[in-house]
Amino acid sequence: MRFTGLSFREPRGISFRYRLEGYDTEWHEAGTRRSAFYTNLPPGNFQFRVEARTGGLLSEFTTGGNPMLAQMSFELVPRWFERRSMRIAGIILLLVLAAIAPLVIRQRYHHRGLQLEAQVRERTRELRDANEKQIRANMALQDSNLRLAEQVEERLAAERALQTSNTDLLALNHKLEDAQNQLIQSEKLASIGQLAAGVAHEINNPIAYVGSNLRTLQRYAAQLLAAMEALTAELTRGSNAETYAELKQIRAHFDVDALAADLPELVDESREGIERVAKIVRDLRDFSRIDRDNAWVVADVHRGLESTLNIVASELKFKARIVKNFGELPPIKCLPSELNQVFMNVLMNAGQAIKERGVITVDTGRSADKIWVSISDDGEGIPADVLPRIFDPFYTTKPVGSGTGLGLSISYGIVLKHGGTIEAASVLGEGTSMRVELPIEQPA
Ligand SMILES: Nc1ncnc2c1ncn2[C@@H]1O[C@H](COP(=O)(O)OP(=O)(O)OP(=O)(O)O)[C@@H](O)[C@H]1O
Ligand SMILES: [Mg+2]
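Counting in my numbering, the sequence shown runs from 8 upward without gaps.
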């Protein structure tokens, strides 16, 4: 608010004081300043008064000649929100707001709830989707697992098939090995047989006629000697002393008496010799049995053993004495020439195991439906680590060139073919015993 005062004496020395009645409680001295500032006045009726003075501090403030000019009244109307009606309206509004706030809040919460529900639904749907995806992935995983299991199963089956074919191959290999052994054996047999057959054939005929001639010779010699004796008697009876002396001299000269005594003995010995040769030939033929085809027959094992012993006798006789303890054996169904091959292999091994001189014992016997042949020697014996291998093909401890290592493996095959067993027992340094067991009958 601006104000002014008028003085002719001291126009610039007027000092003022003012007071806003209704607001100020005291006068404010403004000095020569001619304005007053009020801010934030409350609404209401106010009267602004101004007094002035001149002439220093001791003079009095006055309103001059016209006090009405030194005052001004005014009313400050309240602002719209300061009005009572407005306040009441505000309170009512607050009350209304307070009343509707829970509704609004509830509404909001309801809305929020709906939103949340929608969110939950959305989230649930997402989760369900994710779950379904997971299930699908799981199913795919299960599928691939199944496929994997199938593949593994296929692999295993393939492996099993491989193993089976491997086993088959092994079996085939064994069969081949057997066939090879049999081939070697039959070749061995065939060559021995051929040799024996050839020798037997060549020797048999001359032996036959030498034997028969010897028998004739024996007869002829006996006749001749008888004739000579008759002639001598006849001549002696009718002759003189001179003729008798001459006759005696001739007889002495030709040693007729000694001849007469020796001749039958000589022929006897020759016949015995030729019979022995014939027996050897028979043994050879028996051993090789080349005269019969290789068929299963019922045969006497002792006969086979005897002929084999005779065949190997030449090999053994300087080294070993043969002791035979033969029991009672029934004839058995067998392949005789092959069994002879077994006996020969075992007997040869026994002979080879004896370094200087020894004994080979051949025992035979019967137990229930089997017969057994045991051939023992008192030779060098077999070391424990060698024993399990002696039936292996080509296993030999003999020097290169002297053993093929096939004797026992071939024998094993032959005995197996007969449904029998062949076993070795040995004590190193004391000797070896080989026992062959054979069934009497063969399955039909
Ligand atoms: N009576 C035995 N005494 C000691 N060792 C034996 C006897 N019988 C067999 N053996 C051992 O068994 C091995 C195998 O015998 P096998 O008859 O199979 O072959 P080999 O005699 O060595 O050769 P091959 O018989 O083919 O001439 C022999 O090398 C030997 O070491
Ligand atoms: Mg041998």
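We put the CB at the ideal spot given by N, CA and C, even for glycine.
query	result
Could you pull out every residue in the same chain whose Cβ sits closer than 6 Å to the Cβ of G410, ignoring the five residues on either side in sequence?	T403
Residues around ligand 2, please: the condition is that the C-beta lies closer than 5 Å to some non-hydrogen atom of it.	N356 and G414
Restricting to Cα atoms, I'd like to know which of L48, Q54, D399 and Q158 is closest to L27.	Q54
Using a 10 Å radius around the Cβ and a threshold of 16 neighbouring Cβ atoms, would you call E139 buried or exposed?	exposed
Assuming G12 and I21 make a contact with CB atoms under 8 Å, what is their CB distance in whole Å?	5 Å
Since N347 and T368 are thought to touch, with beta carbons under 8 Å apart, how far apart are those beta carbons, to the nearest angstrom?	That pair is no contact at about 19 Å.
Check whether the Cβ atoms of G420 and N180 sit closer than 8 Å, and answer yes or no.	no
Which value, in whole angstroms, describes the spacing of the CA atoms of A165 and E194?	42 Å
Examine ligand 1 and report whether any of its heavy atoms sits within less than 7 Å of the Cβ of D293.	no
Should the region 384 to 400 be regarded as contacting the region 426 to 445, the criterion being three or more beta carbon pairs within less than 8 Å?	yes
Only counting runs of 4 or more residues, tell me where the alpha helix (DSSP H) segments fall wholly within the region 396 to 446, in order along the chain.	414 to 424
Closer than 7 Å to a non-hydrogen atom of ligand 1 - does that hold for the CB of G420?	no
Of all the alpha helix (DSSP H) runs that stay within the bounds of the region 270 to 341, which reach a length of 4 or more residues?	308 to 323
Counting along the chain, where does the beta strand (DSSP E) carrying F55 start and finish?	G51 to R60
Is G388 near ligand 1, with its Cβ less than 7 Å from a heavy atom?	yes
Once DSSP output is grouped into helix, strand and coil, what is the label at V369?	strand
Can you give me the Cβ contacts of T70 inside the same chain, cut-off strictly under 6 Å, excluding the 5 residues immediately before and after it?	E58 and A77
So L221 packs on S277, CB below 8 Å; how close in whole Å?	5 Å
Please confirm whether L266 has its beta-carbon closer than 8 Å to some beta-carbon of chain B.	This model lacks chain B altogether, as it is built from one protein chain only.
Suppose contacts are defined by Cβ-Cβ distances below 8 Å. Is V353 in contact with S418 by that definition?	yes
For a test of the three-state rule: what should DSSP assign to F81, helix, strand or coil?	strand
Would you mind giving the Cβ-Cβ distance between V263 and V308, rounded to the nearest angstrom? I have them listed as a contact below 8 Å.	Their Cβ separation, rounded to whole angstroms, is 53 Å, which puts V263 and V308 out of contact at 8 Å.
Taking F23 as the reference, which of R40, Q114 and F15 has the closest Cα?	R40
Once you ignore the five residues that flank E67 on each side, which residues in its own chain have a CB closer than 7 Å to its CB?	R60
On the CB-based measure, 16 or more other CB atoms within 10 Å of its CB, does V274 come out buried or exposed?	buried
Looking at L445: is its Cβ nearer than 8 Å to the Cβ of I361?	no
With a CB to CB cut of under 8 Å and the five nearest residues on each side skipped, what residues in its chain are close to M355?	V319, E322 and G414
Using CA atoms only, rank isn't needed, just tell me which of I329, A285 and A125 is closest to D370.	I329
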